[in-house]
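The opening position of the sequence shown corresponds to residue 15 in my numbering, with each subsequent residue numbered one higher. To keep things clear, I will list the structure first and then write my remarks on it.
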Amino acid sequence: MTDFQSLRINGDRLMQRIEDLATIGPHEGTGSCRLALTDEDRDGRDLVVTWMKDLGLEITIDGIGNVIATRPGILDGPPTLTGSHIDTVATGGRYDGNLGVLAGIEMIETLVENDISTRYPIGVAFFTDEEGARFPPDMLGSLVYVGGLALEQALEVEGIDGAILGEELDRIGYRGAAPCPGIPPRAFIELHIEQGPLLEDEGITIGAVTGVQGISWTEYSIKGQSNHAGTTPMHLRHDAGYVAARIATEARDITERMGGRQVATVGRMQFQPDLVNVVAREAQLTVDLRNTDESLLANAENQMKSCISSLAESEGVTIDSRSLARFEPVVFDTEVVDIISETCSQLGHSSMTMPSGAGHDAQMLARVCPTGMIFVPSQNGISHNPSEHTDREDLIAGANILLQSILTLDAKDLPGVEQ
Ligand code: GLV
Ligand code: MN
Ligand code: MN
Numbered sequence: 015m016t017d018f019q020s021l022r023i024n025g026d027r028l029m030q031r032i033e034d035l036a037t038i039g040p041h042e043g044t045g046s047c048r049l050a051l052t053d054e055d056r057d058g059r060d061l062v063v064t065w066m067k068d069l070g071l072e073i074t075i076d077g078i079g080n081v082i083a084t085r086p087g088i089l090d091g092p093p094t095l096t097g098s099h100i101d102t103v104a105t106g107g108r109y110d111g112n113l114g115v116l117a118g119i120e121m122i123e124t125l126v127e128n129d130i131s132t133r134y135p136i137g138v139a140f141f142t143d144e145e146g147a148r149f150p151p152d153m154l155g156s157l158v159y160v161g162g163l164a165l166e167q168a169l170e171v172e173g174i175d176g177a178i179l180g181e182e183l184d185r186i187g188y189r190g191a192a193p194c195p196g197i198p199p200r201a202f203i204e205l206h207i208e209q210g211p212l213l214e215d216e217g218i219t220i221g222a223v224t225g226v227q228g229i230s231w232t233e234y235s236i237k238g239q240s241n242h243a244g245t246t247p248m249h250l251r252h253d254a255g256y257v258a259a260r261i262a263t264e265a266r267d268i269t270e271r272m273g274g275r276q277v278a279t280v281g282r283m284q285f286q287p288d289l290v291n292v293v294a295r296e297a298q299l300t301v302d303l304r305n306t307d308e309s310l311l312a313n314a315e316n317q318m319k320s321c322i323s324s325l326a327e328s329e330g331v332t333i334d335s336r337s338l339a340r341f342e343p344v345v346f347d348t349e350v351v352d353i354i355s356e357t358c359s360q361l362g363h364s365s366m367t368m369p370s371g372a373g374h375d376a377q378m379l380a381r382v383c384p385t386g387m388i389f390v391p392s393q394n395g396i397s398h399n400p401s402e403h404t405d406r407e408d409l410i411a412g413a414n415i416l417l418q419s420i421l422t423l424d425a426k427d428l429p430g431v432e433q
């Protein structure tokens with residue numbers, strides 16, 4: 015076995031690729047706007063695929079547009095895989111997702127230039143529509159990859175702009191021939207920014223992620239009656255706008271009543287006809303509930319449901335609910351988590367175990383293979399914001415932990431994985 019312990023990635027090259035990808039869909043200074051399957055997403059994909067091709071990797075694109083680039087190993091078999099996503103929210107930063115993909119490319123380039131062969135193939139992937147901000151649910155591409163959502167159903171998803179996912183995939187030229195579900199990798203590790211404040215608060219460089227919290231997204235469509243804002247007595251109103259506002263405050267109240275790790279967000283709200291002197295006839299809003307504990311998440315959902323029925327009755331409106339995403343909490347493979355923690359000790363980086371607050375492709379891959387994640391700190395815990403920032407040395411540390419952890423996994427016989 016080749017001695018790989020002293021191998022390190024090229025930090026300048028990683029930073030340059032992050033910079034170059036961020037020139038596509040630039041947003042408010044250092045930010046990025048590459049919503050899934052838009053022209054900007056296509057341009058970002060094209061650039062990343064060029065880098066993959068430059069390394070001589072074998073590239074497959076599947077029916078939902080997931081791209082996997084693989085370098086052969088000494089032995090055949092499914093690859094030990096890394097990767098993440100390169101789509102962003104409309105007001106995103108340059109590191110969310112992109113870091114994991116570009117560090118994966120950098121990891122493989124480091125192996126290529128040092129002429130290091132791995133036992134098994136090594137791959138780097140970017141998965142379609144991780145953000146779910148245009149086409150719900152989030153992690154849609156990796157969900158299809160692991161067989162959690164049928165391809166045909168995914169292709170029919172309608173975006174917030176009325177676009178149909180399959181049509182957009184064809185339009186940007188990324189509907190590939192590889193089958194869905196895809197072949198389970200031998201193992202999967204995703205490097206990502208933390209997107210929260212914990213590592214920075216603790217002064218720690220690396221998070222060895224133990225799992226991902228459960229996610230519940232619901233869209234509420236409220237129908238009331240539009241009427242004159244000045245003449246309609248309060249007791250005669252069927253005010254869809256008022257009900258939307260009450261749902262939003264209930265979401266916050268639920269978190270205050272429950273405490274702990276319960277979080278709730280109302281990220282979208284729209285009124286019709288949206289005029290200053292007209293009681294809103296219709297309103298639509300989304301509620302995002304998350305918890306690391308499945309029974310607590312279900313409890314939060316139930317509290318929201320009873321609030322919805324009592325509001326519908328008291329205001330005389332109808333409220334339709336549509337689930338946009340529902341994923342139970344995920345626990346990562348303890349052996350992979352331990353490998354990441356041990357690699358941190360070997361490389362002299364401080365680390366701690368922690369759950370993930372954000373959703374990630376790794377939570378889908380965990381259904382089919384041993385999986386783990388590496389976090390690096392986010393300055394001021396800010397993400398999904400153009401000012402998202404991680405220090406250069408932390409990005410490089412994360413990429414080196416990724417490289418060494420993947421090589422350790424490659425060298426190991428994994429229980430339950432055919433050798
Ligand atoms: C994806 O970023 C999510 O956590 O919603
Ligand atoms: Mn992400
Ligand atoms: Mn994100």
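All C-beta atoms, glycine included, are put in the ideal place defined by N, C-alpha and C.
For H206, DSSP records a beta bridge to F389. P287 and A326 have their C-alpha atoms roughly 20 Å apart.
In this structure, P343 keeps its C-beta atom at 9 Å or more from the C-beta atom of R200.
Distance check between A376 and each of R31, P198, M66, L49 places P198 closest, using alpha-carbon atoms only. For H242, the beta-bridge partners assigned by DSSP are V292.
Ligand 1 approaches D302 closely enough that one of its heavy atoms is under 8 Å from the residue's Cβ.
Residues with their Cβ less than 5 Å from any non-hydrogen atom of ligand 1, running along the chain, are D152, A372, G373. T105 and L89 have their C-alpha atoms some 43 Å from each other. Here E216 is exposed. Its C-beta has fewer than 16 other C-beta atoms within 10 Å.
The residue from R22, I410, M368, H242 with its alpha-carbon nearest to that of G210 is M368. Residue pairing of N305 in beta bridges, as defined by DSSP: G228. Set against 8 Å, the gap from the CB of G111 to the closest heavy atom of ligand 2 is smaller.
Judged by pairs of C-beta atoms under 8 Å, the region 120-130 does not touch the region 223-235, as fewer than three such pairs exist.
With a threshold of 16 other beta carbon atoms within 10 Å, R282 falls short and is exposed.
The shortest C-alpha to C-alpha distance from I174 to any of M378, T132, Q298 is the one to Q298.
Assignment of R282 by DSSP, reduced to helix, strand and coil, places it in the coil class. Only residues of its own chain outside the window of five on either side were considered, and among them H252 have a CB closer than 7 Å to the CB of G330, listed in chain order. Secondary-structure assignment with DSSP links K237 through a beta bridge to E296, T332. If the five residues before and after P400 are omitted, its C-beta is found closer than 8 Å to the C-beta atoms of H41, E42, G43, T44, G45, S46, T105, G106, G107, all from its own chain and listed in chain order. Excluding residues up to 5 positions away in sequence, I119 lie with their Cβ nearer than 6 Å to the Cβ of W65 in the same chain.
Closer than 8 Å to some heavy atom of ligand 2: that describes the Cβ of H99.
The way I'd put it, the region 180-196 doesn't touch the region 346-365; fewer than three beta-carbon pairs between them come closer than 8 Å. A residue is called buried once 16 or more other Cβ atoms fall within 10 Å of its Cβ, and L289, having fewer, is exposed. Taking each of H398, S355, A265 in turn and checking the Cα distance to K319, the smallest one comes out for A265. With contact defined as three or more Cβ pairs closer than 8 Å, the region 176-189 and the region 68-82 are in contact. When DSSP reads this structure, P40 sits in a beta bridge with S46. The three-state secondary structure of S419, taken from DSSP, is helix. The three-state secondary structure of L95, taken from DSSP, is strand. In terms of CA proximity to V160, R381 leads the group S392, N394, R381. Using a cutoff of 8 Å, the CB of Q19 does not count as near ligand 2, since none of the ligand's heavy atoms is closer than that.
Exposure of M248 is indicated by the presence of fewer than 16 other C-beta atoms within 10 angstroms of its C-beta. Contact between the region 142-154 and the region 96-104 is present: three or more C-beta pairs spanning the two stretches fall below 8 Å.
A Cβ-Cβ separation of about 4 Å places V223 in contact with M387 under the 8 Å criterion.
The alpha carbon of D143 has as its nearest neighbour, out of T245, R56, T279, the alpha carbon of R56. Comparing C-alpha distances from M153 to each of L71, T246, I136, A50 shows the shortest one belongs to A50. Sorting I261, D408, N112, G180 by C-alpha distance to the C-alpha of G362 places D408 at the top.
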